[in-house]
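Accompanying notes for the structure given below.
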Amino acid sequence: MKKKAEIVPKLIVICGALSLLGIVFLFFIPKSKVETRQKKPESTQRLFAQVIQAAIPKIKKIWEEGDRFIKKDGLQCKDEILLDKNVGRSYYQCQPHFWQCFWSGGVNGKTAIEVEVFGELFHVRAQQSFRPISEYSAQKRFYEILKGPYNGLNFHYGVLIELSIDEVPELKWPIIMTDTCRDTYLPQRIYGYSKVDQKKSEQGFEWDNFDRHLFIDKFYVSNQMVNEWRILTNNNNQIISDRSKWAHPALLSLKEQKEYCGFWGKRVLEAKLFDAATMTPSDIKNSLPDRVARPQTPWQRDLSKTFLGMARINPDYQLTPLDCDLAQVQGCREKYYTTDSVTWMGMNFALGFFPESLVNNIEPEKNIKMSSRFRAAESEVHELGVLGRWSGENQKEFPVAFRCYEEVAQ
Numbered sequence: 000m001k002k003k004a005e006i007v008p009k010l011i012v013i014c015g016a017l018s019l020l021g022i023v024f025l026f027f028i029p030k031s032k033v034e035t036r037q038k039k040p041e042s043t044q045r046l047f048a049q050v051i052q053a054a055i056p057k058i059k060k061i062w063e064e065g066d067r068f069i070k071k072d073g074l075q076c077k078d079e080i081l082l083d084k085n086v087g088r089s090y091y092q093c094q095p096h097f098w099q100c101f102w103s104g105g106v107n108g109k110t111a112i113e114v115e116v117f118g119e120l121f122h123v124r125a126q127q128s129f130r131p132i133s134e135y136s137a138q139k140r141f142y143e144i145l146k147g148p149y150n151g152l153n154f155h156y157g158v159l160i161e162l163s164i165d166e167v168p169e170l171k172w173p174i175i176m177t178d179t180c181r182d183t184y185l186p187q188r189i190y191g192y193s194k195v196d197q198k199k200s201e202q203g204f205e206w207d208n209f210d211r212h213l214f215i216d217k218f219y220v221s222n223q224m225v226n227e228w229r230i231l232t233n234n235n236n237q238i239i240s241d242r243s244k245w246a247h248p249a250l251l252s253l254k255e256q257k258e259y260c261g262f263w264g265k266r267v268l269e270a271k272l273f274d275a276a277t278m279t280p281s282d283i284k285n286s287l288p289d290r291v292a293r294p295q296t297p298w299q300r301d302l303s304k305t306f307l308g309m310a311r312i313n314p315d316y317q318l319t320p321l322d323c324d325l326a327q328v329q330g331c332r333e334k335y336y337t338t339d340s341v342t343w344m345g346m347n348f349a350l351g352f353f354p355e356s357l358v359n360n361i362e363p364e365k366n367i368k369m370s371s372r373f374r375a376a377e378s379e380v381h382e383l384g385v386l387g388r389w390s391g392e393n394q395k396e397f398p399v400a401f402r403c404y405e406e407v408a409q
């Protein structure tokens, strides 16, 4: 199975074939800067390989940090991706549509990156080598979404690209990039599930994830992600073509949610994992606490000290932009992919935003996070550990989002 960030550093997998040599190269390029040799190699193939290796940090930056390339004038790819003020910049990280826009010249007007090696300047560019996706546009793609494993490489989700160098035009180099931006690691420790009365001696249900490597999606599964799944499973007729909705949460039935997560080797998030990801430990450094805390919010242990608690005792309480950043409740402006609500371990949207589907093996009838943007700030559902019952069918008047998690073997 794929090894992730806290097990080994997340890498871009380079699997290039130099056709003139008939040799397949497999490189694992770390995040540290690639050092270039002082002496220029005489072989064209070796020169090509070293220039590509020198370009990898820049390639990674475009893929993983696409948000940093966006200027005030936005993006010039009307058929590909929109720059929406209601969508946080995290949406543009590890984003195939941003990748397509960048190499089309729609981000900074450039269609190649410059790399200086051996005192010479080389121009590296992605090739438009892949078939069009008619639901998006008639243009050929600079990438192809892959479902692993692929050519002996073990991964679930990958993006195949092909690089070339203007100064060495006869050679090309394929690369598989994985989504290093989608999920976050759940530290190994003892956790609690649901609410308990901290004043009493009862500890409630506790569990631990020692010797387990769990990765949880940072955000809800989006319409754009589901579109990729639809294409790979030949359900193109169900693709959402409206780009303004691509960053919105995908509204699937519970059956479809499980099918989507399962396709990528994952599962729909469990209720106990949601609590673990959102209930900040009293002492993060102590993984074996005598007592597991159950805070009422991710930011304050005592709800009365938050705007949610204030709204319960003051019917005239006025929401502020900061309140809405922490928990998007009724009356807040709708936003997506924002990171102001991040929890202690890197997950977003603990309270407010959308109701969230949760698989619950402890109390199966409690399968949804009730706190959402459809409830007023004074509602008692805005508290960690408060779950409700969901039929498993999404409805327009009560849309339910979801996210996946993955357990990775050592």
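Each residue of the sequence shown is one higher than the one before, counting from 0 in numbering that gives the first Met the number 0. No residue lacks a Cβ here, since even glycine has one placed at the ideal position from N, Cα and C.
Under 8 Å between C-beta atoms of residue i and residue j
i       : j       : result
Gln-75  : Arg-140 : no
Leu-159 : Pro-148 : no
Arg-332 : Phe-353 : no
Phe-214 : Asp-182 : yes
Leu-185 : Met-278 : no
His-381 : Leu-307 : yes
Gln-92  : Cys-180 : yes
Leu-46  : Lys-57  : no
Met-346 : Lys-217 : yes
Ser-221 : Ala-249 : yes
Ser-378 : Leu-350 : no
Thr-305 : Thr-319 : no
Ile-69  : Val-106 : yes
Tyr-421 : Trp-206 : Residue 421 falls outside the range modelled here, since the chain spans only 0 to 409, and no answer is possible.
Leu-162 : Gln-44  : no
Lys-265 : Glu-405 : yes
Asn-393 : Leu-268 : no
Ser-240 : Glu-355 : no
Pro-288 : Pro-280 : yes
Gly-87  : Tyr-335 : yes
Leu-82  : Lys-146 : no
Arg-374 : Val-328 : yes
Phe-273 : Lys-368 : yes
Gly-65  : Gln-94  : yes
For residue i, three-class secondary structure by DSSP
i       : result
Leu-25  : Interpretation of Leu-25 is limited by its pLDDT of 38, a score under 50 that renders its predicted location unreliable; no figure is taken from the coordinates.
Val-399 : coil
Asp-216 : strand
Thr-179 : coil
Glu-255 : helix
Leu-357 : coil
Arg-36  : Bear in mind that the predicted position of Arg-36 carries a pLDDT of just 47, short of 50, making it too unreliable to give a figure here.
Ile-189 : strand
Gly-387 : strand
Phe-50  : Looking at the sequence provided, one finds Val at residue 50 rather than Phe. Correct three-state label for Val-50: helix.
Lys-368 : strand
Val-225 : helix
Glu-63  : helix
Glu-409 : It is Gln, not Glu, that sits at residue 409 in the sequence shown. It is coil, neither helix nor strand.
Gln-329 : coil
Asp-324 : helix
Pro-363 : coil
Gly-351 : coil
Gln-394 : strand
Tyr-404 : strand
Anticipated Cβ contact below 8 Å, residue i with residue j, distance rounded
i       : j       : result
Leu-357 : Leu-386 : 7 Å
Asp-178 : Tyr-156 : 5 Å
Arg-402 : Asn-366 : Arg-402 to Asn-366, Cβ: 14 Å. No contact.
Leu-229 : Ile-80  : The residue you asked about is not Leu; residue 229 is Arg in the sequence shown. 18 Å between Cβ atoms; not a contact.
Ser-89  : Thr-342 : Rounded, the Cβ-Cβ distance is 15 Å, inconsistent with contact.
Ala-246 : Tyr-316 : 30 Å between Cβ atoms; not a contact.
Phe-204 : Ile-61  : Contact doesn't hold; Cβ gap of about 45 Å is too wide.
Gly-391 : Lys-254 : 7 Å
Met-344 : Ala-276 : 6 Å
Val-291 : Gln-202 : 7 Å
Arg-124 : Thr-110 : 6 Å
Glu-63  : Ile-144 : Actually they do not touch by this definition, with Cβ atoms about 17 Å apart.
Asp-78  : Ser-136 : 4 Å
Gln-409 : His-212 : 7 Å
Heavy atom of the ligand ADP within 7 Å of residue i beta-carbon
i       : result
Val-291 : As far as ligands go, the structure on display features none, and thus does not contain the ligand ADP.
message = Could you tell me which whole beta strand (DSSP E) segments of length 3 or greater appear in the region 86-174?
response = 112-116, 119-125, 143-146 and 156-164
request  = Run through the region 260-316 for me and flag every whole alpha helix (DSSP H) of 4 or more residues, listed as ranges in chain order.
outcome  = 270-277 and 306-312
request  = Check whether the region 51-62 touches the region 109-118, taking contact to mean three or more Cβ pairs, one atom from each stretch, closer than 8 Å.
outcome  = yes
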